[in-house]
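*Asks:* Sharing a structure here in structure tokens format.
In my numbering, the protein residues as written are 1 to 161.
This is the structure in structure tokens:
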């Protein structure tokens, strides 16, 4: 069986970071994802999808994501239910994310973005995941082979042919 989802959209508001009674970080945010077609009036519609992240990934998302940022989310769909104060059964469908990519650099105001950063929750044998690791990639546009116009000294022994 397979339950995987990949979404790209914009945050509708800043993420909400909370902690469980056991001290586990959990962040919730909503991603607005455009539909691939337009409505009869020519307007583009969107779906507003709730996303949940746990542990280190939750703290990373709370620290770096902001309203309007273009973000990619990878995870699984979860449906849970509970009984509200009025005794009615309430069903909630949400994406439990284990990989989040920040598709715009944080210093850009709503424009299409340059840099890409990633935060990933590493799976484990029990529960939602442990040993989370967040990695951030920096855009380095320097040519690693440039040598300020100076000749490069290479002997015939260094060549593979």
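Every residue gets a Cβ at the ideal spot worked out from N, C-alpha and C, and that includes glycine.
1) Hey, quick one: how far does the alpha helix (DSSP H) through residue 55 stretch, first residue to last?
2) Closest by CA to residue 7, which one among 80, 15, 13, 32?
3) Which of helix, strand or coil does DSSP assign to residue 9?
4) Mind the definition here: the region 13-28 touches the region 57-67 only if three or more C-beta pairs lie below 8 Å; say whether that holds.
5) So what's residue 14 in DSSP terms, helix, strand or just coil?
6) Since I believe residue 100 is in contact with residue 71 (beta carbons under 8 Å), could you give me their beta-carbon distance rounded to a whole number of angstroms?
7) Take residue 34 as the anchor and find which of 53, 10, 80 has the nearest alpha-carbon.
8) What is the residue span of the beta strand (DSSP E) that residue 75 lies within?
9) Is it right to say residue 77 is buried, meaning 16 or more other beta carbons lie within 10 angstroms of its own, or is it exposed?
10) Contact defined as beta carbons within less than 8 Å: I believe residue 97 pairs with residue 68. What is the distance between those atoms, to the nearest angstrom?
11) Restricting to Cα atoms, I'd like to know which of 47, 39, 36 is closest to residue 93.
12) From residue 29 to residue 65, what distance separates their C-alpha atoms?
13) Specify the secondary structure class of residue 28 as computed by DSSP and reduced to three states.
*Replies:* Quick answer:
1) Its alpha helix (DSSP H) spans residues 55-64.
2) Comparing Cα-Cα distances from residue 7 to each of 80, 15, 13, 32, the minimum goes to 32.
3) strand
4) The count of Cβ pairs closer than 8 Å, one atom from the region 13-28 and one from the region 57-67, reaches three, so the stretches are in contact.
5) coil
6) 6 Å
7) 10
8) 70-83
9) It counts as exposed.
10) Wrong, their Cβ atoms sit about 18 Å apart, outside the cutoff.
11) 47
12) 9 Å
13) strand
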